[in-house]
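**Student:** Take a look at this one; I'll ask things after.
Numbering (my numbering), first residue to last: -1 to 329.
Written out as structure tokens, the structure is:
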């Protein structure tokens, strides 16, 4: 009852032009866990939304998506909770604030979220798992630290999925003079039709205008569905058709194209995990092996450089194992 009365009072004060974000800070403390986690109307009581680049340990995890660092935690129920609100034109009419444990500061939106790891930006810093709000009980986004926050559009996607899933068509793009160009293609993607420098024009007849739009559209393609992709190659426009697969790495996770086979590398490209079903060539690899070169090129322990080096029909690895170096032909 007090919860409802507080909401009515705050809305009334806002209408009089006397809105005080300090009230929102008090609300935040009641609707969040001390070590991070926010209660939502869209979640059962005692379940909290939490962001972290590492696996949380301060509460029981009941759902996780390590691709984007979002988790659902189970803890003591709160009578207070936020309602998710899209960051639309109506929401932007009101002043917004960065709200956390110790302060609530009015802020301006600098840019909206441009992809799963290119967060929306505001003019003030926001604590990790702080809230962006314009009405105390509404949440426009969840803080990731610095000036960044995750918009509710991406939070809702996480909440609506049973398991982490991001569609993949086997390419990583770069924006080049407003053109979306294939920078790397996955050599292990089944029947990958793409080549470096292909320009992506449309997917299933939907024109793609930005890297953020490409990321969103592809990630939401149904697994194993057919995707028709319009591309420009050597100044000629053509359409390729492929079966949608899923991402095994990317965003907050390492993305070398080897994750498909359960291969994990540390910072020095030493294999720390390896799957049991490897294709010909990769089946020579073992735990503890270190990848030195790809096709006679030093990949400098950089995941992006490794992806670029692997983006070729023929692959030869220089591998170090217990003091010996040898070549492996993968393709």
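By construction, the Cβ of each residue, glycine as well, lies at the ideal position given by its N, Cα and C atoms. Note that this is a predicted model, so its numbers are computed, not measured.
#1: Leaving out five residues before and five after residue 72 in sequence, what residues of the same chain have Cβ atoms less than 7 angstroms from its Cβ?
#2: Are residue 273 and residue 260 closer than 7 angstroms when you measure CB to CB?
#3: Would you kindly work out how many angstroms separate the C-alpha atoms of residue 91 and residue 107, rounded to a whole number?
#4: Jot down the residue ranges of each uninterrupted alpha helix (DSSP H) in the stretch 139 to 185, minimum 4 residues, whole runs only, in chain order.
#5: Are the CB atoms of residue 255 and residue 66 within a distance shorter than 7 angstroms?
#6: Quick one: is residue 141 buried, meaning 16 or more other Cβ sit within 10 Å of its Cβ, or exposed?
#7: Could you check if residue 224 is buried or exposed, using at least 16 other CB atoms within 10 Å of its CB as the buried criterion?
#8: Look at the alpha carbon of residue 156 and the alpha carbon of residue 281, and state the distance between them as a whole number of angstroms.
#9: To the nearest angstrom, how far is it from the Cα of residue 34 to the Cα of residue 18?
#10: Taking all protein chains shown into account, decide if residue 322 is buried (16 or more other Cβ within 10 angstroms of its Cβ) or exposed.
#11: Using 8 angstroms as the threshold, is the stretch 113 to 123 in touch with the stretch 146 to 162, meaning 3 or more CB pairs across them?
#12: Could you name the residues that DSSP lists as bridge partners for residue 197?
#13: Grab the span of the beta strand (DSSP E) containing residue 125 for me, first residue to last.
#14: Below 7 angstroms CB to CB, which residues in the same chain sit around residue 197 once its five sequence neighbours on both sides are set aside?
#15: Return the residue from the list 39, 191, 153 that minimises the CA-CA distance to residue 168.
#16: What are the boundary residues of the alpha helix (DSSP H) that includes residue 305?
**Tutor:** Taking the coordinates as given:
#1: 44, 45, 57, 58, 60
#2: yes
#3: 11 angstroms
#4: 150 to 158
#5: no
#6: buried
#7: exposed
#8: 35 angstroms
#9: 23 angstroms
#10: exposed
#11: yes
#12: 179, 230
#13: From DSSP, residue 125 is part of no beta strand (DSSP E); its letter is neither H nor E.
#14: 177, 178, 179, 229, 230
#15: 191
#16: 301 to 308
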